[in-house]
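A.B. asks: The following block contains the structure, expressed as structure tokens.
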Amino acid sequence: MSDEMEIMDYFVSSIQSGRYEPHDKLPSENEIADRMKVPRITARKAYQRLQELGYIYSMQGKGSFVRDRHQQIPLVLNSDKSFSQKMIEMGFDYESRNIRCEKIVFNHKIYEMLQASEQENVYRIDRLRLIEGQPLALHSSYVSETRFPDIGHAGRELGSIFQYYKSKGYTAFQSHQTQLRLTYPNKQERELLECSSLIPLLVLESACADKESGQTLEYSKIMYRGDSFTYVI
1 MSDEMEIMDY FVSSIQSGRY EPHDKLPSEN EIADRMKVPR ITARKAYQRL QELGYIYSMQ
61 GKGSFVRDRH QQIPLVLNSD KSFSQKMIEM GFDYESRNIR CEKIVFNHKI YEMLQASEQE
121 NVYRIDRLRL IEGQPLALHS SYVSETRFPD IGHAGRELGS IFQYYKSKGY TAFQSHQTQL
181 RLTYPNKQER ELLECSSLIP LLVLESACAD KESGQTLEYS KIMYRGDSFT YVI
């Protein structure tokens, strides 16, 4: 293990164990260099990486401090409840912010998941999920205008798309063709989720169907900040 990684490992373990509390001041780069018998530049690089990973923050002229990291929110992935309902039931201060509703160009994968013909219009509706005021998830739903003729207009105001489906008479849902993968945020995602490029995102892609008829209602892609949730499969 490199000296830089050893320093990082020590502070990550100390922060996670509670040895360092949020906003505690950390040793200076010189103190770390003397203690670990490494060049100061190594200590500086370790602190820079810890800052990029969201563990610490720096204040000019004052030093480095432990960041108040998000609590780990338990999230059941194979549930027929909406994300909004899960968060509200757990007592979180929750907000769903609609940030996009637009018609997409033809995409074979999405159209196939929706069982839509190439001539149909499909809309993408994006909602930013905020918990305790922090943006922690980005939810994109793809919906066929043929199945929901008013989606181009209604999609601009949607907070919970499950509530929209229920208003159309659908009451029970099931997911299928679910895929999980890890990725790292691009520039736009970093800005929306207020995270660095080193914070991994868990991406959940699936189709949502009406349990009674089996009709596919939407294809969805949800991006969760990897540092903010624990996942129950």
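1 is the number of the first residue of the sequence shown in full-length UniProt numbering; add one for each residue after it. Cβ atoms here follow ideal geometry from the backbone N, Cα and C, with glycine treated the same way. This one's a predicted model, so the numbers in the text were calculated from it and none came from an experiment.
Contact between the segment 56-67 and the segment 92-104: three or more CB pairs below 8 Å?
C.D. replies: Cβ pair count under 8 Å is below three, so no.
A.B. asks: May I ask you to verify whether the segment 121-130 touches the segment 202-213, counting CB pairs closer than 8 Å and requiring at least 3?
C.D. replies: Touching, no, given that fewer than three Cβ pairs across the two stretches are closer than 8 Å.
A.B. asks: For Leu77, which residues in the same chain have their Cβ closer than 7 Å to its Cβ, ignoring the five residues on either side in sequence?
C.D. replies: Contacts found: Leu204, Tyr231, Val232, Ile233.
A.B. asks: For the candidate residues Glu102, Phe162, Gly63, Thr178, whose alpha-carbon lies nearest to that of Thr171?
C.D. replies: Answer by Cα proximity: Phe162.
A.B. asks: Identify, in the order they occur along the chain, each residue of the same chain with its Cβ nearer than 7 Å to the Cβ of Met223, setting aside the five sequence neighbours on each side.
C.D. replies: Result list for Met223: Ala137, Leu138, Glu189, Leu201, Val203, in chain order.
A.B. asks: List the residues that DSSP assigns as beta-bridge partners of Ile199.
C.D. replies: Answer by DSSP bridge pairing: none, since Ile199 is not bridged.
A.B. asks: Using only the alpha-carbon positions, how far apart do Gln174 and Ser28 sit?
C.D. replies: So the two alpha carbons sit approximately 53 Å from each other.
A.B. asks: Tell me the residue span of the beta strand (DSSP E) that contains Asn98.
C.D. replies: It spans 94-103 - the beta strand (DSSP E) in which Asn98 sits, taken as one unbroken run.
A.B. asks: Distance check for Ser14 and residue 243, CA to CA, integer angstroms please.
C.D. replies: Because the chain is modelled from 1 through 233, residue 243 falls outside the range shown and cannot be assessed.
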